[in-house]
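J.:
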Amino acid sequence: MTDKIDTALSGEARERQRRRNFWRYFGLAMLASLVAGLVSGFASGAFLDGELPLWVPLLAGAIVLLGFVWFSFDYYRRIDELDLMDNLWANLIGIHIGVPVIGGWWFLSEIDLTRAPTGIEALFVFMASVGLAYGLRKLNFR
792 MTDKIDTALS
802 GEARERQRRR
812 NFWRYFGLAM
822 LASLVAGLVS
832 GFASGAFLDG
842 ELPLWVPLLA
852 GAIVLLGFVW
862 FSFDYYRRID
872 ELDLMDNLWA
882 NLIGIHIGVP
892 VIGGWWFLSE
902 IDLTRAPTGI
912 EALFVFMASV
922 GLAYGLRKLN
932 FR
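Each residue of the sequence shown is one higher than the one before, starting from 792 at the first, in my numbering.
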């Protein structure tokens with residue numbers, strides 16, 4: 792664990808404090824994501840109506856990207872070794888599921904049996920496969 796938690800506390804108290812800190816951090820991150828989503832929705836409408844110049848959505852996209860990168864590094868720094876192992880395992884399995892699914896879908900579109908997958912559909916396949924792998928890992932289906 793990389794968090795600086797008072798060692799004068801018992802192991803159970805340290806674990807409760809670590810979990811409480813994690814869920815507070817996670818809640819704040821979700822709140823920030825919600826606010827960013829709401830702002831981007833309103834800004835998108837304003838941009839499409841011609842009320843905002845092009846540099847505003849570009850700057851907003853760069854800020855969101857930097858925030859996501861920072862949050863990812865900070866999140867992985869805060870979790871313990873077991874959670875890190877579960878996350879890495881789920882990402883590996885998610886990629887091993889997502890690549891053949893999207894590749895197969897793309898192949899079927901190349902021979903005109905289906906339409907080509909869009910970017911958002913590919914993202915959904917990867918997110919769903921990682922989420923499924925993570926959930927199964929947490930339920931001890933290994």
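Using N, Cα and C, we set each Cβ at its ideal position, and we do this for glycine too. What you are looking at is a predicted structure, and each value in this text was computed from that prediction instead of being measured.
Taking the Cβ atom as the reference point for each residue, do Gly894 and Val921 lie within a distance shorter than 9 Å?
T.: The answer is no: Cβ separation not under 9 Å.
J.: Spatial neighbours of Lys929 within its chain, please: C-beta separation below 8 Å, excluding the five flanking residues on both sides.
T.: So the qualifying residues of the chain are Asp877.
J.: If you reduce the DSSP assignment to three classes, tell me which class Ala799 lands in.
T.: Coil at Ala799, not helix or strand.
J.: May I have the straight-line CA-CA distance separating His887 from Leu899, to the nearest angstrom?
T.: Their backbone Cα atoms lie some 19 Å apart in a straight line.
J.: With DSSP run on the structure shown, which of helix, strand or coil describes Ile870?
T.: DSSP places Ile870 in coil when its eight states are reduced to three.
J.: Does Asp877 come out as helix, strand or coil in the three-state DSSP assignment?
T.: Note: Asp877 maps to helix in three-state DSSP.
J.: What are the start and end residues of each continuous beta strand (DSSP E) run of 3 or more residues lying completely inside the segment 879-907, in chain order?
T.: Runs of the beta strand (DSSP E) inside the segment 879-907: none found.
J.: Helix, strand or coil: which one does DSSP assign to Asn931?
T.: Of the three classes helix, strand and coil, the one that applies to Asn931 here is coil, per DSSP.
J.: Below 9 Å between beta carbons: does that hold for Tyr925 and Tyr866?
T.: Cβ atoms of Tyr925 and Tyr866: not closer than 9 Å.
J.: Is the separation between the beta-carbon of Ser831 and that of Val855 shorter than 9 Å?
T.: Cβ atoms of Ser831 and Val855: closer than 9 Å.
J.: Quick check on DSSP: helix, strand or coil for Asp840?
T.: Coil.
J.: Less than 8 Å between the CB atoms is what I'm expecting for Ala799 and Phe862, so what's the real figure, rounded?
T.: No, Ala799 and Phe862 are not in contact; Cβ-Cβ is about 30 Å, not under 8 Å.
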